[in-house]
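Numbering (this note's numbering), first residue to last: 662 to 1159. Glycine is no exception: its CB is placed at the ideal position from the N, C-alpha and C atoms. These notes are about the structure you will find just below.
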């Protein structure tokens, strides 16, 4: 252990100057850190804080002014806590390391002569983004509020949804240099205790210099980091987190990002939107089937087009064959190259639309696709049917509610296109089998990824391909819940109550 690290762990001394010298040495070359010297009665003291991270008016009114007006002969910790400083939250620390940690965390530290303790004054106050509707998870019906970058605000939004003493929050700091605040939320009595222990263990095993976004943690704690499929759900919506906690899952919140992580997750969960549970059940069921159908279109349509036009002409109607042949007559490239040109161009336009300012990004992506597609057909680089196929594929990928799953499907269609160009429909079948085997082997915090379809649990299929009405879904998912299985009492169907 280095000398510097030893000093950081040193206990505070009753000698005020010694403590201040140690703190100034550790926090040297930091012009934003203020050391404010005070005289309190016959004793000296220091108030230390980071400019911009604390409420200076609150410190002035509830600490500085009261300390400087004190006229007693000596100070004790009890007097400071109970009679002088009126800030709501005060705690004591006894080491240099704890003092530095609290200063950098946005608290003010008060040191006084002849006391070997430091007072931590919770007066955090810094600019944050206001609560707004999540842009990545917009919905027609449902709450319009989303998490923001402030961990305290995000947890308060969660508390507003679940006003229960069983909602528990555990705090951790991760990142050697960033010391990022991370919170684990779960419902006691519903969650499986082993899941909470496993989440804590994986977070404790993280050894990295900094955590700047929840994506760092996601990649470091998932079961199979090499898989293209997301094994952790990300969301900006407090209602989505609350619903998952009530089903026995665990959420991880990271200071500095609005995206919370939910574990464990299944494949089917990634195809569900929050408003599925706010609309009537038959509407939600219809929308789920639309998503499933277009999931297969997004994954297989370009590969099917390549296979049919290259190897399996006999499977198409005669008129359609003539139409495709006429459209491709002047095209100098094989179907695979044609598809790759259009798919990569489409992905580039989509990425450009995201990166450009919002006022012009959407217009550029739409107009760019129209102009490039039309020009490419007129120039004889690609055929009109291929433009239609790529457009349908792009639209289909937008129906997938979770961005992480949508981009996985977008990536997987490229190897399927290559397999189709070499082996035809047989290559597509081989690709589908490989993807299916991978999905069946995949785990999310020990839970099979295709649960409850594989392994099959008939009772839990009420919320997979269809969404049964609330009065029929009386139990929580058995594969994840560890405590109270019952979601509701034996409510009768509406028509049975008449």
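Alpha helix (DSSP H) segment containing residue i, residue limits
i	result
residue 906	899-906
residue 857	854-865
residue 1099	1086-1102
residue 1139	It is not in any alpha helix (DSSP H) - residue 1139 carries neither H nor E in the DSSP assignment.
residue 1145	Note, residue 1145: premise wrong, no alpha helix (DSSP H); not H, not E.
residue 685	677-687
residue 875	875-882
residue 720	717-720
residue 840	Premise fails: residue 840 is in no alpha helix (DSSP H) and is neither H nor E.
residue 728	726-729
Residue(s) in a DSSP beta bridge with residue i
i	result
residue 706	699 and 773
residue 912	846 and 923
residue 711	694
residue 821	Partner(s): none; residue 821 has no beta bridge.
residue 672	756
residue 995	None; residue 995 has no bridge partner.
residue 889	Per DSSP, none; premise fails for residue 889.
residue 1006	Note: residue 1006 sits in no beta bridge, so no partner.
residue 1130	For residue 1130, which the question treats as bridged, DSSP gives no partner whatsoever.
residue 1109	1104
Limits of the beta strand (DSSP E) - the one that residue i falls within
i	result
residue 895	894-896
residue 1119	Careful: residue 1119 lies outside any beta strand (DSSP E) and carries neither H nor E.
residue 835	828-835
Heavy atom of the ligand MN within 7 Å of residue i beta-carbon
i	result
residue 849	Ligands are entirely absent from the displayed structure, and the ligand MN is therefore not among its contents.
Presumed contact (8 Å Cβ cut-off) between residue i and residue j, rounded CB distance
i	j	result
residue 1111	residue 927	7 Å
residue 838	residue 871	5 Å
residue 698	residue 705	7 Å
residue 1062	residue 932	7 Å
residue 1178	residue 968	With the chain running from 662 to 1159 in the structure shown, residue 1178 is simply not present.
residue 1133	residue 1123	7 Å
residue 955	residue 1060	4 Å
residue 841	residue 915	6 Å
residue 1113	residue 1125	7 Å
Any C-beta of chain D under 8 Å from that of residue i
i	result
residue 1047	Any reference to chain D falls outside this structure, which holds one protein chain only.
Could you give the uninterrupted runs of the beta strand (DSSP E) lying entirely in the segment 737-808, keeping only those of 3 residues or more?
-> 751-754, 769-773 and 779-782
Stretch-stretch touch, CB-based, cutoff 8 Å, three pairs: the segment 876-893 with the segment 909-922
yes
- [ ] Indicate whether the contact test is met: 3 or more Cβ pairs, each with one atom in the segment 1065-1082 and one in the segment 957-965, closer than 8 Å.
- [x] yes
Three or more C-beta pairs below 8 Å linking the segment 1004-1019 and the segment 943-957: no
For the segment 1011-1082, which segments carrying the alpha helix (DSSP H) assignment without a break, of at least 4 residues, lie completely within its bounds, in sequence order? 1019-1039 and 1045-1059
Touching by the beta-carbon criterion (3+ pairs, under 8 Å), the segment 759-779 and the segment 847-865 = No, they do not touch.
Runs of 3 residues minimum, wholly inside the segment 913-988: which ones carry the beta strand (DSSP E) assignment?
Fully enclosed beta strand (DSSP E) runs of 3 or longer: 921-924.
Are the segment 1096-1107 and the segment 883-892 in contact at 8 Å, needing three or more beta carbon pairs?
yes
So does the segment 896-915 actually touch the segment 793-803, counting three or more Cβ pairs closer than 8 Å? yes
Any contact of the segment 676-696 with the segment 740-756, i.e. 3+ C-beta pairs under 8 Å?
-> no
- Evaluate contact between the segment 808-826 and the segment 778-793, counting only Cβ atoms and requiring at least three cross-stretch pairs below 8 Å. Contact annotation: the segment 808-826 touches the segment 778-793, with at least three C-beta pairs closer than 8 Å.
Take every Cβ of the segment 1010-1020, pair it with every Cβ of the segment 988-1002, and state whether three or more of those distances are shorter than 8 Å. Using a Cβ-Cβ distance cut-off of 8 Å, the segment 1010-1020 and the segment 988-1002 are not in contact, since fewer than three pairs of beta carbons, one from each stretch, lie closer than that value.
- Task: Give a yes or no on contact between the segment 771-788 and the segment 715-723, applying the rule of three or more CB pairs nearer than 8 Å.
- Result: Under the 8 Å Cβ criterion, the segment 771-788 counts as touching the segment 715-723, having at least three qualifying pairs.
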